[in-house]
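Protein chains in written order, with this note's numbering: chain U, 80 to 322; chain P, 80 to 322. Report on the following structure.
Number of protein chains: 2
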Amino acid sequence: MNLMQANSRVLPRSCECDNGTPDTFNSTLESPISPFGRPELGVTYEVPARSGRAVRVNRGEVLRVTNTHGTQVCDLWAFNAENLSEFYSSEHTRGSTYRVNPQAGDVLLSNRRHPILTFLEDTSPGIHDTIIAACDLARYRVLGHDGYHDNCSDNLRQALMAIGLRTGEIPQPFNVWMNIPIHNDGAVTFEPCLSKPGDYVDFRAEMDCIVVMSACPMDINNINGLKTLELHFSVHAEHASIA
Amino acid sequence: MNLMQANSRVLPRSCECDNGTPDTFNSTLESPISPFGRPELGVTYEVPARSGRAVRVNRGEVLRVTNTHGTQVCDLWAFNAENLSEFYSSEHTRGSTYRVNPQAGDVLLSNRRHPILTFLEDTSPGIHDTIIAACDLARYRVLGHDGYHDNCSDNLRQALMAIGLRTGEIPQPFNVWMNIPIHNDGAVTFEPCLSKPGDYVDFRAEMDCIVVMSACPMDINNINGLKTLELHFSVHAEHASIA
Numbered sequence: 080m081n082l083m084q085a086n087s088r089v090l091p092r093s094c095e096c097d098n099g100t101p102d103t104f105n106s107t108l109e110s111p112i113s114p115f116g117r118p119e120l121g122v123t124y125e126v127p128a129r130s131g132r133a134v135r136v137n138r139g140e141v142l143r144v145t146n147t148h149g150t151q152v153c154d155l156w157a158f159n160a161e162n163l164s165e166f167y168s169s170e171h172t173r174g175s176t177y178r179v180n181p182q183a184g185d186v187l188l189s190n191r192r193h194p195i196l197t198f199l200e201d202t203s204p205g206i207h208d209t210i211i212a213a214c215d216l217a218r219y220r221v222l223g224h225d226g227y228h229d230n231c232s233d234n235l236r237q238a239l240m241a242i243g244l245r246t247g248e249i250p251q252p253f254n255v256w257m258n259i260p261i262h263n264d265g266a267v268t269f270e271p272c273l274s275k276p277g278d279y280v281d282f283r284a285e286m287d288c289i290v291v292m293s294a295c296p297m298d299i300n301n302i303n304g305l306k307t308l309e310l311h312f313s314v315h316a317e318h319a320s321i322a
Numbered sequence: 080m081n082l083m084q085a086n087s088r089v090l091p092r093s094c095e096c097d098n099g100t101p102d103t104f105n106s107t108l109e110s111p112i113s114p115f116g117r118p119e120l121g122v123t124y125e126v127p128a129r130s131g132r133a134v135r136v137n138r139g140e141v142l143r144v145t146n147t148h149g150t151q152v153c154d155l156w157a158f159n160a161e162n163l164s165e166f167y168s169s170e171h172t173r174g175s176t177y178r179v180n181p182q183a184g185d186v187l188l189s190n191r192r193h194p195i196l197t198f199l200e201d202t203s204p205g206i207h208d209t210i211i212a213a214c215d216l217a218r219y220r221v222l223g224h225d226g227y228h229d230n231c232s233d234n235l236r237q238a239l240m241a242i243g244l245r246t247g248e249i250p251q252p253f254n255v256w257m258n259i260p261i262h263n264d265g266a267v268t269f270e271p272c273l274s275k276p277g278d279y280v281d282f283r284a285e286m287d288c289i290v291v292m293s294a295c296p297m298d299i300n301n302i303n304g305l306k307t308l309e310l311h312f313s314v315h316a317e318h319a320s321i322a
C-alpha cells in the first residue's frame, strides 16, 4: 500500500481499531521529514499544528524541541530504532529517578530499564506530564466532539507509517510542557502551559531512537490555551554543537 | 511445549528477554487455579507468597482480593479475555476520574477507553499506586541482588502461561495497597502498606476479563515491610452475594 492509497482509506470511526491503525488520516502520513525519518543535522523542522513527525536520532545525537509559541503541548515518544517494542517508559523511569515527572538531568529509561534518552536541558519552568494518556478519538467523543478529530494517538501511528514503521501500541507519552498539577488529595487538573515562546528541551539519545512528536490537537480543554499551534525541532551531533 | 518442558527451560538471565517470556520460572507456572483459569464461584484461592495467579472473571462477576496479613502489595492486571492487547490502563483512567490513583466508586478504563473494572469497595485506607512499573529482574539487579529473583513481571508472564495465554507486554499494574506518596515537589518515596490484616478490595468486571494478581516479592525496599506473604482472592456472581 503506498501513501496515496493509505490516505484514501478512511477507516470506520469506531474507536475499535487495532492499536496500530489510525481511525482516519491527516497530512502527517504524507509529510515525513525524509523517507526514513533521518534528519539533516542542524536543520530546523516543523511539527505542523495538530500533526505529528517521526525523526531518527542516533545514539549520542541531541534532539531539541522548541515550543515556538510557548502555549503548545508536545506529546513525545522514543522507541528503540532496532525494536519498536522497547520504548521510553515513565513508570520504569520513576523507579530510578524517584520523581513523578522528569526534570533536566534525568536519565529516562525504557520499558526494559535501559537508558533511552537523557533529558539534558530545559529552558522552560520544568512543568511536564507523564501520567495522562495520549488523546485519541474516544477521548474527543467523551468530551462531546462529533466526527473525526485529529489526535495524538493517530499522529503517532501516522508519523511512523510515514517512514514505513508501525507500532502495536500507544505507550504513555512524555507530554512536554503539559501542565497537569497533582493536588494533595490526589486530584489532577488540566491547566495551560507555563512555558514561554522559544522555550526548548534537549534530549540526548542513549540508543539509536525513533522519536515521534505530536503537536497536541486538544482544543476542548485548556491545555493548549484553546489554540493548536506548530512546534519545531532539530537534531545535532552533540549538545555543544547547537548554535 | 507442555508445562514440564516449559519449567525445565531456564532462559538466559540477561534481562533481554522478549517481553512475553519470563527470565526463568517459579511455581506459578505449574499451579493455575484450573486449566483455563476459571474459578469456582465463592471459593477462596491463595496467591502464594512471591507468586502469581490468573483468574477469569466474567462480565458482572465480582473479584475480591484480600490482604490477608495487611502488609502485602498486590500487583494486579486486568485484560480483555477476548483480546489481551486491551487491558486496564491507569493513564487512560485518569482522563476520566481526574485522580492520580483510583478510589472505590471509580470506573477503571482500558487502553481503548472502555470500562473494564469498577472498583466497588475498599475496606483499607485507600492507599494504592498506579505510577510505578511492576518489578522485574532488571529492577532487582539495580537494587544489588545477584542471580534470579522472583518478580511481578515474570509472575504475570507465568500466571498467563499457566492457563495457556501469553502477553506481549507488561502493562502498568494497579498496585493494590502499594504506598508511594507523591510529595509536593514531585518526589516519590517507597513506604510500607497502610492496610490491616483482612482488608479487601472488590472489583466488578465490566467485560469478560483475565485478572492476574502477583504477591509482590519485593524484599529489598520496604513496600512489603521486608516480608513477602500470601494473598487470597475469590470470585462471586454479584456483589450482594458475597458472604
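Here a beta-carbon is modelled for each residue, glycine too, at the ideal position from N, C-alpha and C. Quick caveat, the model's predicted, so the values are computed rather than measured.
- Secondary structure of P:Ala284 (DSSP, three-state): strand.
- Taking 8 Å as the threshold, the shortest C-beta distance from P:Val152 to chain U does not fall below it.
- P:Ser164 carries a strand assignment under DSSP once its states are collapsed to helix, strand and coil.
- Spatial neighbours of U:Arg117 in its own chain (CB-CB distance under 6 Å, excluding positions within 5 residues in sequence) are listed in chain order as Arg135.
- Looking from the CA of P:Ile259, the closest CA among P:Ala133, P:Ile211 and P:Leu199 belongs to P:Ile211.
- Within the stretch 188-272 of chain P, the complete beta strand (DSSP E) segments at least 3 residues long are 194-201 and 253-255, listed from N- to C-terminus.
- Between U:Leu196 and U:Ala183, the C-beta spacing is not below 8 Å.
- In the three-state DSSP reduction, P:Ile302 falls in the helix class (H, G or I).
- Along the stretch 161-181 of chain U, the positions whose C-beta sits under 7 Å from a C-beta of chain P are Ser164, Ser168, Glu170, His171, Arg173, Gly174, Tyr177, Arg178, Val179 and Asn180, read in chain order.
- Burial of P:Ala238 is indicated by the presence of at least 16 other C-beta atoms within 10 angstroms of its C-beta.
- The C-beta of U:Val141 has 16 or more other C-beta atoms within 10 Å across all chains shown, which makes the residue buried.
- For P:Ala319, the three-state secondary structure derived from DSSP is helix.
- When the Cα atoms are used, P:Cys272 and P:Val255 turn out to be separated by approximately 9 Å.
- Contact annotation: the stretch 301-321 of chain P touches the stretch 111-127 of chain P, with at least three C-beta pairs closer than 8 Å.
- Any Cβ of chain U closer than 8 Å to the Cβ of P:Ile210 would place that residue at the interface, and such an atom is present.
- Straight across, the Cα-Cα distance linking P:Pro111 with U:Thr100 is about 35 Å.
- Counting the other CB atoms within 10 Å of its CB gives P:Leu155 a total of 16 or more, which places it among the buried residues.
- What P:Glu248 touches in chain U, judged by beta-carbon distance under 9 Å, is Ser164, Asn190, Gly247 and Glu248, going in chain order.
- Nearest CB-CB separation between P:Ala238 and chain U: not below the 8 Å threshold.
- Look at U:Ala266: its C-beta is under 8 Å from a C-beta on chain P.
- For P:His148, the three-state secondary structure derived from DSSP is coil.
- Within chain U, the C-beta atoms nearer than 7 Å to that of P:Ile261 come from Val179 and Ile261, in chain order.
- When secondary structure is reduced to three states using DSSP, U:Glu125 falls in the strand class.
- DSSP, reduced to helix, strand and coil, places U:Ser175 within a helical segment of the structure shown.
- U:Leu308 carries a coil assignment under DSSP once its states are collapsed to helix, strand and coil.
- Annotated three-state conformation of U:Ser169 is helix, per DSSP.
- Only buried fits U:Gly174, as 16 or more other CB atoms lie within 10 angstroms of its CB.
- For a cut-off of 8 Å, the C-beta gap from P:Met292 to P:His193 is around 21 Å, too long to register as a contact.
- Taking each of P:Val152, P:Asn300, P:Thr202 and P:Leu108 in turn and checking the Cα distance to P:Thr209, the smallest one comes out for P:Val152.
- The residue among P:Arg132, P:Asn300, P:Pro252 and P:Ala128 with its C-alpha nearest the C-alpha of P:Tyr219 is P:Asn300.
- Leaving aside the five residues that flank U:Val179 on each side, the residues in its chain whose CB is nearer than 8 Å to its CB run, in chain order, Arg173, Thr209, Ile210 and Ile261.
- Linking U:Glu161 to U:Leu244 through their CA atoms gives a straight-line distance of about 11 Å.
- The distance from the Cβ of P:His207 to that of P:Met257 is about 6 Å, consistent with a contact at the 8 Å cut-off.
- The contact set of U:Arg138 on chain P, defined by CB atoms closer than 9 Å, is empty, because the minimum CB distance reaches about 17 Å.
- Secondary structure at U:Ser106: helix, using DSSP grouped into helix, strand and coil.
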